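Going by the UniProt record's numbering, the first residue of the sequence shown is number 1, and it counts up by one from there.
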Amino acid sequence: MTKDVEVAEQTGEFSAKDYHDPPPAPLVDAEELTQWSFYRALIAEFIATLLFLYITVLTVIGYKSQTDPTKNADECGGVGILGIAWAFGGMIFILVYCTAGISGGHINPAVTFGLFLARKVSLIRAVMYMVAQSLGAICGVGLVKAFQKAHYNRYGGGANEVAPGYNKGTALGAEIIGTFVLVYTVFSATDPKRNARDSHVPVLAPLPIGFAVFMVHLATIPITGTGINPARSFGAAVIYNQDKAWDDQWIFWVGPFIGAAIAAFYHQYILRAAAIKALGSFRSNA
């Protein structure tokens, strides 16, 4: 028995069998609708997105209030753009950590869309997650307006809009690349092959995801206010309900979905070589 183990170790037989990719999620899995765990995940996504929007939009409005020139406020006061970026990135870190074991911690329709394209979640789960996230975002921003209506209306409601001096093409590009960075990080941080090899990766997964959100906000707040999350942009637009926010709304859906699709393709078919594996399997079966 010992000799067999030694031979297997020398030939690398164990390392070859150490890891197998999990099977792809079914395209439509109606059985999910009968499981409590599915509805628990929807509740988790709803509450997480609500908390995300509540904290971050309050931070944006608070910063604008603290630096309002009509109040003779200090222009360098408040948390600044750096603080706003920390609010978004920090909340994602906290909420992914809290909900990863329940719903996967998506908190973003673009992340859900990318994982759906990679066959990590079913179509039913993806659609229902997006609905829960959008409703959570609306309720989160609604709470901000309910508690601070005057400040909310005066300082833009945290709505995403293309900033003066930038055209819509630039804004769309910023959203595509920003979302690519985020969803690529999500794939890398949650890669089951890395998890099997490096046991510390699942523990650290929320950290790089939160940092990705933080870094993208630093780069794109001056351009679009940073969307990279259609639910975040939609929730703010619904409650703020001004023409400019609605005119630019398509950018904050099209851009993130394109960025997520590119990230899913890059990770699955370039880095993980899924296409080559599939071709190899086809040849061996033939």
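Think of the CB as a built atom: it goes at the ideal place given N, C-alpha and C, for glycine as much as any other residue. A quick note: this is a predicted structure, and the numbers were derived from the prediction, not measured.
Rounded Cβ spacing between residue i and residue j (contact assumed at less than 8 angstroms)
{"i": "Tyr54", "j": "Ala159", "result": "Actually they are not in contact, since the Cβ atoms of Tyr54 and Ala159 sit about 15 angstroms apart, beyond 8 angstroms."}
{"i": "Val183", "j": "Ala85", "result": "Actually they are not in contact, since the Cβ atoms of Val183 and Ala85 sit about 18 angstroms apart, beyond 8 angstroms."}
{"i": "Val216", "j": "Gly178", "result": "4 angstroms"}
{"i": "residue 290", "j": "Ile209", "result": "Because the chain in this structure spans residues 1 to 286, residue 290 falls outside the shown range and cannot be described."}
{"i": "Gln148", "j": "Ile61", "result": "7 angstroms"}
{"i": "Val144", "j": "Leu271", "result": "Val144 to Leu271, Cβ: 39 angstroms. No contact."}
{"i": "Thr49", "j": "Phe88", "result": "Between Phe88 and Thr49 the Cβ distance is about 13 angstroms, and since that is not below 8 angstroms, they are no contact."}
{"i": "Tyr63", "j": "Gly80", "result": "7 angstroms"}
{"i": "Gln66", "j": "Gly83", "result": "Going by Cβ atoms, the distance from Gln66 to Gly83 rounds to 10 angstroms, so no, they are not a contact pair."}
{"i": "Gly140", "j": "Leu51", "result": "7 angstroms"}
{"i": "Val238", "j": "Ile138", "result": "5 angstroms"}
Residue range of the unbroken alpha helix (DSSP H) whose run includes residue i
{"i": "Trp86", "result": "Gly80 to Thr99"}
{"i": "Asp243", "result": "Asp243 to Asp247"}
{"i": "Asn167", "result": "It is not in any alpha helix (DSSP H) - Asn167 carries neither H nor E in the DSSP assignment."}
{"i": "His217", "result": "Pro206 to Thr224"}
{"i": "Leu117", "result": "Pro109 to Leu117"}
{"i": "Arg40", "result": "Trp36 to Gln66"}
{"i": "Arg272", "result": "Unbroken run through Arg272: none, as it is neither H nor E."}
{"i": "Lys120", "result": "Here Lys120 belongs to no alpha helix (DSSP H), and DSSP marks it neither H nor E."}
{"i": "Ile239", "result": "Pro230 to Tyr240"}
{"i": "Pro22", "result": "Here Pro22 belongs to no alpha helix (DSSP H), and DSSP marks it neither H nor E."}
{"i": "Tyr152", "result": "Lys149 to Arg154"}
{"i": "Ile262", "result": "Ile251 to Phe265"}
Assigned exposure category for residue i - 16 Cβ within 10 Å defines buried
{"i": "Pro109", "result": "buried"}
{"i": "Gly156", "result": "buried"}
{"i": "Glu31", "result": "exposed"}
{"i": "Thr11", "result": "Caution applies to Thr11, whose pLDDT of 46 falls short of 50 and renders its modelled position unreliable; the value that the coordinates give is listed next. Classification for Thr11: exposed."}
{"i": "Ala273", "result": "exposed"}
{"i": "Lys120", "result": "buried"}
{"i": "Leu135", "result": "buried"}
{"i": "Ser37", "result": "exposed"}
{"i": "Gly104", "result": "buried"}
{"i": "Val28", "result": "exposed"}
{"i": "His267", "result": "buried"}
Contact set for residue i: own chain, Cβ-Cβ below 6 angstroms, skip 5 residues either direction
{"i": "Glu161", "result": "Lys244, Ala245 and Asp248"}
{"i": "Ile176", "result": "Gly255, Ile258 and Gly259"}
{"i": "Pro206", "result": "Phe93, Val96 and Tyr97"}
Chain B contact for residue i (CB, 8 angstroms cutoff)
{"i": "Ala137", "result": "Looking for chain B here will not work: only one protein chain is present."}
Contacts around residue i, its chain only, beta-carbon distance under 7 angstroms, and the 5 residues preceding and following it disregarded
{"i": "Ile102", "result": "Arg40, Ala41 and Ala44"}
{"i": "Met130", "result": "Pro109 and Thr112"}
Residues of its chain near residue i, where Cβ-Cβ distance is below 8 angstroms and the 5 sequence neighbours each way are ignored
{"i": "Ile124", "result": "Val28, Asp29, Ala30, Glu32 and Leu33"}
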